[in-house]
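J.: This is the structure I have questions about; it appears just below.
Number of protein chains: 4
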Amino acid sequence: MKKLKFGIVGASGRMGQEIAKVIENTKGAEVFYPFDREDKWDSRKAAQVDVWIDFSSPEALKDVLKRASEHKTPVVCGTTGFSKKEKDLLEKYSKTFPVLWSSNMSLGVAVLNEALKSLAAISHFDFQIEEIHHNKKKDKPSGTAITLQENLKKAVQKDLPEPLAIRGGGVFGIHKVYSMSDEEVLVFEHNALNRTVFAKGAVQAATWLVKQKKPGLYQIRDVLFGKKA
Amino acid sequence: MKKLKFGIVGASGRMGQEIAKVIENTKGAEVFYPFDREDKWDSRKAAQVDVWIDFSSPEALKDVLKRASEHKTPVVCGTTGFSKKEKDLLEKYSKTFPVLWSSNMSLGVAVLNEALKSLAAISHFDFQIEEIHHNKKKDKPSGTAITLQENLKKAVQKDLPEPLAIRGGGVFGIHKVYSMSDEEVLVFEHNALNRTVFAKGAVQAATWLVKQKKPGLYQIRDVLFGKKA
Amino acid sequence: MKKLKFGIVGASGRMGQEIAKVIENTKGAEVFYPFDREDKWDSRKAAQVDVWIDFSSPEALKDVLKRASEHKTPVVCGTTGFSKKEKDLLEKYSKTFPVLWSSNMSLGVAVLNEALKSLAAISHFDFQIEEIHHNKKKDKPSGTAITLQENLKKAVQKDLPEPLAIRGGGVFGIHKVYSMSDEEVLVFEHNALNRTVFAKGAVQAATWLVKQKKPGLYQIRDVLFGKKA
Amino acid sequence: MKKLKFGIVGASGRMGQEIAKVIENTKGAEVFYPFDREDKWDSRKAAQVDVWIDFSSPEALKDVLKRASEHKTPVVCGTTGFSKKEKDLLEKYSKTFPVLWSSNMSLGVAVLNEALKSLAAISHFDFQIEEIHHNKKKDKPSGTAITLQENLKKAVQKDLPEPLAIRGGGVFGIHKVYSMSDEEVLVFEHNALNRTVFAKGAVQAATWLVKQKKPGLYQIRDVLFGKKA
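Protein chains in written order, with full-length UniProt numbering: chain A, 1 to 229; chain B, 1 to 229; chain C, 1 to 229; chain D, 1 to 229.
This is the structure we're talking about:
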């Protein structure tokens with residue numbers, strides 16, 4: 001059987017190495033083109049890549065998309081901290097080939113975002129999102145909390161208090177969504193146990209993305225729950 | 001405006017009183033026929049009732065349904081501990097007029113049951129349901145935990161370990177659904193703060209049920225998310 | 001057996017009524033002098049009171065202490081929102097008769113404050129206090145969170161981030177203390193189920209206070225763990 | 001400065017490697033004698049070891065203690081699953097040189113065990129211990145839960161329900177102690193984020209143990225809170 005050929009942008013970075021490890025442990029997959037910023041670009045080698053995974057940096061995005069567009073190679077991107085400029089780039093390039101971007105590649109967070117939709121039925125409740133991360137994390141609130149907040153707002157159609165952030169120790173990533181009425185409290189909580197969670201999600205997303213015929217800007221949720229028309 | 005006329009079965013019981021209080025605080029609603037087991041049945045008065053609420057006992061169910069069927073008056077029933085016999089009665093009578101039965105009338109638990117569907121996407125996870133109730137509660141696990149377990153099984157299509165039960169103090173009712181993989185843990189948790197939660201849900205369900213034209217066996221979830229065909 | 005004669009300041013208020021109910025359900029205790037602001041003060045009746053309980057308001061404190069001092073009647077005070085002025089009054093009057101003041105009368109919170117001492121052994125961890133209360137509560141953070149923060153600071157001897165506050169629904173009162181290192185997370189959490197918790201604690205404190213021979217400013221922790229010299 | 005010379009029993013095992021890594025990252029410490037079952041025992045080398053760490057197996061304990069006793073070298077032992085026979089060995093050998101044994105070497109669990117003492121003040125509450133571990137863990141409940149249960153029993157002086165155990169995914173180790181009354185719930189919760197927590201605790205314990213002049217059977221709690229007479 002032909003193996004799925006992965007390209008990794010930022011291959012020697014922390015996430016790049018994690019992704020390579022997961023690919024190596026995935027049947028029918030291989031790390032074909034591990035690429036780093038300082039490497040010379042090999043267009044002929046890139047032509048054979050089936051799918052790119054990029055967790056590098058906002059600055060790298062433009063080159064990544066431009067190069068992938070040459071051969072219409074699908075791209076899975078897990079970089080966070082994008083401004084409008086980068087989001088526009090994603091929109092633009094995804095018109096001609098499949099691009100999947102999510103601020104959090106974990107399956108559990110995708111399920112959490114999906115579960116938020118059920119809160120539309122109790123939109124009169126009070127809501128609060130909270131996240132806990134290790135004391136090295138600088139951005140507050142986390143990109144995942146921002147996405148949860150956007151989805152929650154869409155579901156309950158009202159303004160919400162800002163997400164709360166706790167920083168301490170080596171907590172890998174906890175996100176909580178509180179729904180509170182006079183009579184009951186509902187808490188949806190996600191806890192990431194290690195970094196592999198994001199690498200596994202990205203590889204699963206890539207395997208799914210190569211099967212998508214249509215260009216488009218996909219999310220990890222589409223992998224689990226199907227692309228909304 | 002004409003007020004919605006409520007009948008209450010077991011009106012002097014703990015839940016009956018709670019329900020009466022909620023109805024009295026609901027605009028456009030009145031307690032029209034508070035009925036207790038020892039009362040003589042007044043068929044003419046019953047004819048004017050718009051909707052019955054019954055939280056009395058499994059033994060009472062047959063009479064409740066039979067009497068309601070006389071005038072096709074909708075019935076909201078929150079009694080638990082039903083055997084197959086009572087469930088068959090619900091099925092039978094609901095063929096000719098609207099009946100709504102749920103083991104837990106809280107909106108939050110209905111949302112929790114709905115949110116369980118999203119777990120179908122991660123059915124390879126390990127799952128565990130847990131409940132905590134006050135030390136006076138005798139049945140283990142709670143009726144709500146049993147319903148959650150049934151819905152979770154339906155969603156993830158596999159066998160699950162038995163729900164765990166903790167008994168202590170005056171805890172009103174906590175239910176947790178754990179979803180666990182090697183990389184992440186998702187917890188959906190519901191916490192009832194007081195008894196009113198069930199009365200409020202029942203009254204809201206009754207207000208909705210009187211508008212249903214079709215006979216049928218409804219659940220609290222249908223009130224929030226629409227009846228599945 | 002002679003019954004313990006309770007005086008209640010603010011007897012018709014929400015907490016006053018709750019306290020009266022607990023006293024009535026306590027063997028060997030009676031509500032002897034329920035007093036409200038608008039009542040005329042009856043000094044002869046007050047002379048027979050064994051112990052006062054006051055949850056009224058900061059403004060009332062001076063009168064309460066002055067009147068109690070007449071007969072050296074012990075006072076249990078659960079009022080919050082005291083400025084330095086009121087705290088000085090407590091100090092002053094407690095030099096001549098026993099006064100017990102706590103921002104939170106629950107036994108569980110007293111245990112939580114005691115348990116914080118064990119965190120001195122891991123003072124290199126990161127810490128964060130968090131509280132959740134109903135959406136009617138205006139002060140942020142809660143008086144209890146402030147006391148926990150003071151005790152935590154004393155235990156770990158370092159600066160701490162401000163307590164976080166969530167407001168929503170009818171949550172009666174949740175307090176959490178997070179201790180986080182690179183390898184582990186410890187959470188101490190207290191959840192008040194109802195208002196009775198404070199009334200019960202106050203009555204238990206009063207029963208204990210009448211047995212204290214020495215004047216002094218006591219806390220609910222002294223009731224459980226003994227007065228520190 | 002002279003470095004502290006560590007011996008590791010089971011050096012090539014999973015915990016042995018973890019311990020070696022922590023020692024290498026500890027200033028003033030070195031892995032001097034990494035020993036495995038199949039190795040030939042080098043008594044002259046062993047004579048220079050300052051402290052042994054052993055996480056190998058119950059079967060190995062007798063040899064470990066016998067060999068350490070030759071030079072009265074202190075031993076830190078983190079092996080679990082000991083029967084009365086092994087516990088007797090610990091008692092016997094610790095009469096002539098310092099031995100420290102704990103079923104859980106984490107600082108946080110030691111603090112949790114210490115915090116349990118404060119529950120003596122509310123011994124009329126209901127209690128429940130619960131633990132969650134990965135789906136590969138076979139023993140139920142965990143050794144740590146058993147130790148917590150013993151300490152809790154000692155504190156509250158009454159019978160307790162059996163600890164509850166949840167198995168799922170890759171959860172590294174969660175322990176909860178519930179204290180519940182009609183009015184409040186207190187939860188003490190510990191969450192281990194990775195395996196390093198035990199290695200770090202063991203190395204810290206060893207550094208402390210070499211300074212103990214007196215023979216005796218110590219625990220990790222003594223490192224943090226001082227040996228009880």
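In this text, a Cβ means the ideal position worked out from N, Cα and C, and glycines have one as well.
What residues are listed by DSSP as bridge partners for A/Gln128?
T.: The partner list for A/Gln128 (beta bridge, DSSP) reads A/Tyr178.
J.: What does DSSP give as the partner residue(s) for A/Ile8 in the beta ladder?
T.: A/Ile8 pairs with A/Pro34 and A/Ile53.
J.: Is the stretch 157 to 168 of chain C in contact with the stretch 130 to 145 of chain C, if contact means three or more CB pairs nearer than 8 Å?
T.: With the cut-off at 8 Å, the stretch 157 to 168 of chain C and the stretch 130 to 145 of chain C touch.
J.: Counting pairs of beta carbons, one from the stretch 144 to 156 of chain C and one from the stretch 81 to 97 of chain C, are three or more of them closer than 8 Å?
T.: The answer is no - the stretch 81 to 97 of chain C does not touch the stretch 144 to 156 of chain C, with fewer than three Cβ pairs under 8 Å.
J.: Taking Cβ to Cβ, would you say residue 236 of chain B is nearer than 8 Å to B/Phe35?
T.: It is not possible to answer for residue 236 of chain B, since the shown part of chain B is limited to 1 through 229.
J.: Starting from C/Gly78, trace the alpha helix (DSSP H) in both directions and tell me its first and last residue.
T.: Here C/Gly78 belongs to no alpha helix (DSSP H), and DSSP marks it neither H nor E.
J.: Indicate the three-state DSSP secondary structure (helix, strand or coil) for C/Gly226 in the structure shown.
T.: Looking at C/Gly226 - three-state DSSP - the assignment turns out to be coil, as it is neither helix nor strand.
J.: Please state whether DSSP places residue 233 of chain A in a helix, a strand or coil.
T.: Because chain A is modelled from 1 through 229, residue 233 of chain A falls outside the range shown and cannot be assessed.
J.: Starting from D/Ile19 and walking both ways along the alpha helix (DSSP H), at which residues does that stretch end?
T.: Counting along the chain, the alpha helix (DSSP H) containing D/Ile19 begins and ends at Arg14 to Glu24.
J.: With 9 Å as the limit, tell me which residues of the stretch 11 to 33 of chain D have their beta carbon closer than that to any beta carbon of chain B; keep them in chain order.
T.: So nothing in the stretch comes that close.
J.: Compute the Euclidean distance between the alpha carbons of D/Glu24 and A/Tyr178, then round it to the nearest angstrom.
T.: Using only the alpha carbons, I get a separation of about 43 Å.
J.: I want to verify the contact list: residues of chain B whose CB lies under 7 Å from the CB of D/Asn135, in sequence order.
T.: Going along chain B in sequence order, the residues near D/Asn135 (Cβ under 7 Å) are Asp126.
J.: Are A/Gln128 and C/Gly168 closer than 8 Å when you measure CB to CB?
T.: Taking 8 Å as the Cβ cut-off, A/Gln128 and C/Gly168 qualify as a contacting pair.
J.: What residues in its chain sit with their C-beta under 6 Å from that of A/Val223, if we drop five residues either side in the sequence?
T.: For A/Val223, where only same-chain residues beyond five positions count, the Cβ hits under 6 Å are Ala205 and Trp208.
J.: In chain order, what residues of the stretch 178 to 210 of chain D put their CB closer than 9 Å to some CB of chain B?
T.: Listed in sequence order: Tyr178, Ser179, Met180, Ser181, Asp182, Glu183, Glu184 and Val185.
J.: Provide the residue span of the alpha helix (DSSP H) that contains A/Val156, from first to last.
T.: Segment Gly143 to Val156, the alpha helix (DSSP H) holding A/Val156.
J.: Which word fits C/Trp52, buried or exposed, when buried means at least 16 other C-beta atoms lie within 10 angstroms of its C-beta?
T.: So C/Trp52 counts as buried.
J.: Taking the alpha-carbon of A/Glu86 as reference, which of A/Lys66, A/Glu70 and A/Pro74 has the nearest alpha-carbon?
T.: For the residues A/Lys66, A/Glu70 and A/Pro74, the minimum Cα distance to A/Glu86 belongs to A/Lys66.
J.: Can C/Ser106 and C/Phe198 be called in contact, C-beta distance under 8 Å?
T.: Their beta carbons are under 8 Å apart, which means C/Ser106 touches C/Phe198 by this criterion.
J.: Can you find a C-beta in chain C that's less than 8 Å from the C-beta of D/Phe225?
T.: Output row for D/Phe225: interface = yes.
J.: Counting contacts by CB-CB distance shorter than 8 Å, is A/Ile53 in contact with chain C?
T.: Not one chain C Cβ lies under 8 Å of A/Ile53.
J.: Chain D partners of residue 233 of chain B, CB-CB under 9 Å?
T.: The question about residue 233 of chain B has no answer, for chain B in this structure spans 1 to 229.
J.: Using a C-beta to C-beta distance shorter than 8 Å, which residues of chain D count as neighbours of A/Lys172?
T.: First, the residue type needs correcting, since residue 172 of chain A is Phe and not Lys in the sequence shown. Those within 8 Å of A/Phe172 in chain D are Leu193.
J.: Would you call C/Ala20 buried or exposed, if buried means 16 or more other Cβ atoms sit within 10 Å of its Cβ?
T.: Flag for C/Ala20 reads buried.
J.: At the level of alpha carbons, what is the spacing between A/Lys213 and A/Pro74?
T.: Each residue's alpha carbon lies about 10 Å from the other.
J.: Of the residues B/Gly226, B/Pro215 and B/Arg221, which one's Cα is nearest the Cα of B/Ala68?
T.: It is B/Pro215.
J.: Among all the DSSP beta bridges, which residues are the ones paired with B/Ala29?
T.: Looking at the DSSP assignment, B/Ala29 forms a beta bridge with B/Leu4.
J.: Short of 7 Å Cβ to Cβ, which residues in the stretch 145 to 157 of chain B face chain A?
T.: Taking 7 Å as the Cβ-Cβ cut-off against chain A, none of the residues of the stretch 145 to 157 of chain B qualify.
J.: With distances taken between CB atoms, is the gap from D/Leu186 to D/Leu152 smaller than 8 Å?
T.: No, the Cβ-Cβ distance between D/Leu186 and D/Leu152 is not below 8 Å.
J.: Which residue from C/Glu183, C/Met180, C/Asp182 and C/Lys200 puts its Cα closest to that of D/Glu184?
T.: Out of C/Glu183, C/Met180, C/Asp182 and C/Lys200, C/Lys200 has the C-alpha closest to the C-alpha of D/Glu184.
J.: Express the C-alpha separation of C/Lys136 and B/Lys26 in angstroms, rounding to a whole number.
T.: In the sequence as displayed, the identity of residue 26 of chain B is Thr instead of Lys. Approximately 21 Å, taken between the alpha carbons.
J.: What are the boundary residues of the alpha helix (DSSP H) that includes A/Phe198?
T.: Looking at the DSSP string, the run of the alpha helix (DSSP H) that includes A/Phe198 is Thr196 to Leu209.
J.: Give the straight-line distance between the Cα atoms of residue 251 of chain C and B/Met180, rounded to the nearest whole angstrom.
T.: Outside the displayed range of chain C (1 to 229) lies residue 251 of chain C, so it cannot be described from this structure.
J.: By the 7 Å beta-carbon criterion, what residues does the stretch 106 to 124 of chain D contribute toward chain C?
T.: Going along the stretch 106 to 124 of chain D in chain order, one finds Ser106, Leu107, Gly108, Val111, Leu112, Glu114, Ala115, Ser118, Leu119, Ala121 and Ile122 with a Cβ nearer than 7 Å to chain C.
J.: In terms of alpha-carbon separation, which member of A/Tyr218, A/Asp182 and A/Leu217 lies closest to A/Asp126?
T.: Cα-wise, what sits closest to A/Asp126 is A/Asp182.
J.: Determine the DSSP secondary structure at A/Leu164, reduced to helix, strand or coil.
T.: Reduced to three states, the DSSP call for A/Leu164 is strand.
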